[in-house]
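Heads up, the sequence shown is in our numbering, so the first residue is 1 and it goes up one at a time.
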Amino acid sequence: MKILVSAGEASGDRYSSELVRALRKRFPAAEFFGCAGKQLRGAGVRAVVRSEEIAVVGIFEVIAHIPRVFRAFNRLVCAAQGERPSMAILTDSPDFHLRLARKLKRQGIPIFYYVAPQVWAWRKGRLRLLRKFIDNLLCIFPFEEKYFRENGVRASFVGHPLKCNVEAKISREKFFQNHNLDDKIPLITLLPGSRRGEATRHLKPLLGAVQQLQKNRRLNFVLPASSTTGKAFFEKHIDEPSVHIIEGETENALRYANLALAASGTITVEAALLGTPMVVFYRVTTASWLVGKLLVDVPFYSMVNLLAGRPIVQELIQRDCTAERLTTEVEKLLDNRQKCEKMRQELEEISNSLKTSQPAAERAAEVICTTFKSHSELI
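Next comes the structure, spelled out in structure tokens:
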């Protein structure tokens, strides 16, 4: 039995690797191959394509990378035709994966989509594609299952993959010692994004804020590099000795931080689960921003605020994402313990809303097995 697995982003790579391990318990003889990042490869998935090849964000930013992404797409389609997998599991990257789903469906392959595209926010036309090509959409947020089912998409809420897995791996003392940090002064964790393009856009305001914050106070700064950007990328682009660039360790860096500066995305949910106060920011190119404003229909940009239904964390988006504004918001949190504590309590409420009776990967594996069995009986 062969199973095609494909993930295009750092978070999807992580979630998929956990799912692969859960599926191995149920299909011990299965061979996994596809589009794999570092963690999927570590879980034993043979990489026909590497996730780093398709990790691009932004409407117009994608254009420059079309040839590379197109080549990766064709390699994956050819591999599926040659290997004839029994099923496919696609995670995140909807522009890439919904096109891939179309190709795979023509081969009669059952398709599972893990981490639902946020069509409730924008590009609702994707609902038609999900109805047509996806055998089961595995949702990680509670409200999504109802939304998709009401729109004719076969969907199952499996829980958030981070809920049972986000925890510090070492003690606070050990973390500070390992990275030569002073444990008597506040720690701020910098999270510029898991893709190189978005990280590059965010470094200037982030580093500007680091410099301004150090004028009047002593602070520690750490930047945990994701698997899709890598430590070497940040070492090349950051000439600021006060910023400690570390390989991975995102959970440790968030758990022991007084607060985080986080690019809007999955990492904000991770920070919420760890109870870390944060300021959220994001920038895209001007062209992408102008087009996005016409297409996006949500009251907030960060998932933390969307889940809460109210503004819990400050969002500094596009023009508001400046060194000055970042500095101001960080100082507000550092200087107001009550504000920080209130945010921690509100983040705990969000964390509790994502609870399920079993880990998301195990629940997702069960749904896949049940759906696959039903599909096989119909053939």
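Glycine is no exception: its CB is placed at the ideal position from the N, C-alpha and C atoms.
- Judged by DSSP in its simplified three-state form, residue 369 adopts helix.
- Taken in chain order, the unbroken stretches of alpha helix (DSSP H) that lie wholly in the region 16-81 and span 4 residues or more are 38-42.
- DSSP places residue 221 within a strand segment (E or B) once states are collapsed to three.
- Counting only residues of its own chain and dropping the five nearest sequence neighbours on each side, residue 136 has a CB closer than 8 Å to the CB of 112, 113, 154, 155, 156, 367, 368 and 371.
- For residue 266, same chain residues with a beta-carbon under 7 Å away, outside a window of 5 residues either side, are 11 in chain order.
- Excluding five sequence positions before and after residue 234, the CB atoms of its chain that fall closer than 7 Å to its own CB belong to 223, 225 and 245, given in chain order.
- Residue 257 sits in coil when the DSSP states are folded into three classes, being neither helix nor strand.
- For residue 326, the CB contacts under 8 Å within the same chain, skipping 5 residues up- and downstream, are 205, 206, 208, 209, 261, 279, 281 and 316 in chain order.
- Judged by DSSP in its simplified three-state form, residue 116 adopts coil rather than helix or strand.
- The beta carbon of residue 2 sits closer than 8 Å to those of 30, 31, 32, 33, 83, 84, 85 and 86, all from its chain and outside the five residues before and after it, given in chain order.
- 8 Å or more divides the Cβ of residue 257 from the Cβ of residue 19.
- Here the C-alpha atom of residue 36 lies approximately 20 Å from the C-alpha atom of residue 140.
- Along the region 95-173, the beta strand (DSSP E) occurs as fully enclosed runs of 3 or more residues at 111-114, 136-139 and 155-157, listed in sequence order.
- Here DSSP, grouped into helix, strand and coil, assigns residue 350 to helix.
- Of 176, 175, 142 and 173, the smallest CA-CA separation from residue 161 is found for 142.
- Under the DSSP definition of a beta bridge, residue 191 partners with 262.
- From the listed residues 21, 103 and 110, the smallest Cα separation to residue 374 is found for 110.
- Cβ contact annotation for residue 356 (same chain, cutoff 6 Å, sequence separation greater than five): 159, in chain order.
- Taking residue 185 as the centre and dropping the five residues before and after it, the same chain places the C-beta of 218, 219 and 220 closer than 7 Å to its C-beta, in chain order.
- Per DSSP, the beta-bridge partners of residue 281 are 263 and 316.
- The Cβ atoms of residue 252 and residue 169 lie closer than 8 Å to each other.
- Separation of the CB atoms of residue 302 and residue 264 is rounded to 5 Å, and the pair is thereby assigned contact status at 8 Å.
- With a 10 Å radius around the Cβ and a threshold of 16 neighbouring Cβ atoms, residue 250 comes out buried.
- Residue nearest to residue 275 within the set 214, 95 and 167 is 167 (criterion: CA-CA distance).
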